[in-house]
Amino acid sequence: MGVRSLIVASVLPPVVFPAPHSGSWVSTQTSTGIHGTPYDPGGGVGSVVNQEVGLKRLAYRNTSWYTGNFATTNMNTFAGKSADEQLGDSWVSFGQQNDVTTDYSMTWLGYVYASATTNWDIYLSSDDESMLWIGSQAESGFNGANAHVNSAQGINPNTLQLTGGLWYPLRIWYNEHGGGNRIQIFFGTCAEGQTNTLNSMDQFFLRYCATTSGLNPP
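What the sequence shown shows, in the numbering used here, is residues 93 to 310, in sequence order.
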């Protein structure tokens, strides 16, 4: 190895977590609505203060929140812990790939924009476990039993009624043990009994508050 190579190797940070939008991922999923009784999750706001594009991504090495049962998830997993990585992620998606590392967890915080007042379907696909909350429960009161969708459910069983022109709080948890890793999230409008195309999050407006860990302060 030459002197130049040694210098470059010494200043480049180690690759610890999957890079945003890396791996093999797809842009759409299909869904057949409606899944459960649609309801308004609340929490929509007209604007996001001190906004940055995307969501705040925080990653933690050797941290697992999954207990083998989504309903008994350790909700204190991230409390008081310093993230090993914090960055703005323009959308939540790294596709199927071999592990860059093993045994880590991630959380994303921010807001997603509802472009129309209608029923919205959510599809969540991951390897390994993941959960998602949207609306008021994404800000407080979230737990493993009230997640709006988890990776075992796939298509959201409770289609949400979102109001167009509002930003809805969004909280996502992801857990990786070993082997391959993947997380993809899809949103789309839902019609009773119809087969709908849901689009990857890169097709939606996402924002986070730059002065907090992701969500606006109360």
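All C-beta atoms in this analysis are idealised placements derived from N, C-alpha and C, irrespective of residue type, glycine included.
Proximity below 9 Å, CB of residue i to CB of residue j
i: L252; j: W200; result: no
i: Y152; j: M198; result: yes
i: F279; j: L290; result: yes
i: E231; j: R263; result: yes
i: V145; j: P261; result: no
Buried versus exposed, by CB contacts within 10 Å (16 or more), residue i
i: K148; result: buried
i: Q276; result: buried
i: G285; result: exposed
i: P309; result: exposed
i: V204; result: buried
Strand pairing of residue i, partner residues [DSSP]
i: S116; result: Q188
i: C301; result: Q143
i: N267; result: S197
i: Y152; result: S197
i: P261; result: Y203
i: F279; result: I214, N291
Residue i beta carbon near the ligand HEM (any heavy atom closer than 8 Å)
i: G115; result: Questions concerning the ligand HEM fall outside what the structure shown contains, since it holds no ligand whatsoever.
Cut-off 6 Å between Cβ atoms - residues of its own chain near residue i, not counting five sequence neighbours on either side
i: S119; result: S292
i: P112; result: D181
i: L150; result: A175, Q178, T199
Contacting residues, own chain, Cβ-Cβ under 8 Å from residue i (five flanking each side not counted)
i: T287; result: T122, S123, T124
i: D132; result: G227, L252, Q253, L254, T255
Secondary structure of residue i, DSSP reduced to three states
i: M167; result: coil
i: D132; result: coil
i: L98; result: With a pLDDT of 39 at L98, under the threshold of 50, the predicted position of this residue should be treated as unreliable, though the coordinate-derived value follows. Helix, per DSSP.
i: S243; result: coil
i: D294; result: helix
Neighbourhood of residue i by C-beta, 7 Å cutoff - its chain only, sequence neighbours within 5 removed
i: T303; result: N142
i: R218; result: As written in the sequence, residue 218 is Ser, which differs from the Arg given in the question. If we look at S218 and ignore the five residues flanking it on each side, its Cβ neighbours are S243, Y266, R274, I275.
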